[in-house]
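Take the position in the sequence shown, starting the count at 1, then add 357; the result is the number in the numbering used here.
Glycine included, each C-beta is placed from N, C-alpha and C at the ideal position.
Predicted, not measured: the structure shown is a model, and the values here were computed from it.
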Amino acid sequence: MSNARDIIIRPLVTEKTMIVNDSNNTVVFEVAKGTNKIQIKQAVEEIFKVKVDSVNVVNQKPKTKRMGRYEGKTNFVKKAYVTLKEGSKIDVLADK
358 MSNARDIIIR
368 PLVTEKTMIV
378 NDSNNTVVFE
388 VAKGTNKIQI
398 KQAVEEIFKV
408 KVDSVNVVNQ
418 KPKTKRMGRY
428 EGKTNFVKKA
438 YVTLKEGSKI
448 DVLADK
């Protein structure tokens, strides 16, 4: 994964991520499966031109869902909680 745009798939904009963004200066992204924290940090710094303090990664496993007699699974999602240093800011609503 050499391209930073291949690592960061999209920002996650939900009520929970907006609360985290306002209180801790943290932005949440959906990232590619095979990436690590160092690659995510370098990609965010390259794309958004900000300084990253820390990166936490969450693997959201697929859940089984039913619709009547049919059964399926939700998609696997890898989330990155990126905490920015003081003075750095990303406006995820403007980037969409």
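For residue i, three-class secondary structure by DSSP
i      : result
ALA451 : helix
ARG426 : coil
THR383 : strand
VAL370 : coil
ALA437 : strand
Whole-number beta carbon distance between residue j and residue i, since they are thought to touch under 8 Å
i      : j      : result
LYS420 : VAL388 : In fact, because the Cβ distance is near 20 Å, the residues do not count as touching under 8 Å.
ALA361 : GLU403 : 5 Å
TYR418 : PHE433 : The residue you asked about is not Tyr; residue 418 is Lys in the sequence shown. Contact flag correct, Cβ pair sits at about 7 Å.
VAL414 : LYS390 : With a Cβ gap of about 11 Å, VAL414 and LYS390 do not count as contacting.
Beta-carbon contacts of residue i that lie in its chain and below 8 Å, excluding the five residues immediately before and after
i      : result
PHE386 : ILE365, ILE366, ARG367, PRO368, LEU369, ILE397, VAL401, LYS436, ALA437, VAL439
6 Å CB neighbourhood of residue i in its chain, flanking five on each side removed
i      : result
THR383 : VAL377, TYR438, THR440
GLN399 : none
Beta-carbon contacts of residue i that lie in its chain and below 7 Å, excluding the five residues immediately before and after
i      : result
PHE405 : ILE447
Taking three-plus beta-carbon pairs below 8 Å as touching, is the segment 401 to 417 in contact with the segment 437 to 449?
-> yes
Just list the alpha helix (DSSP H) runs in the segment 391 to 422, keeping only unbroken ones of 4 residues or longer that don't cross its boundaries, in chain order.
-> 394 to 405
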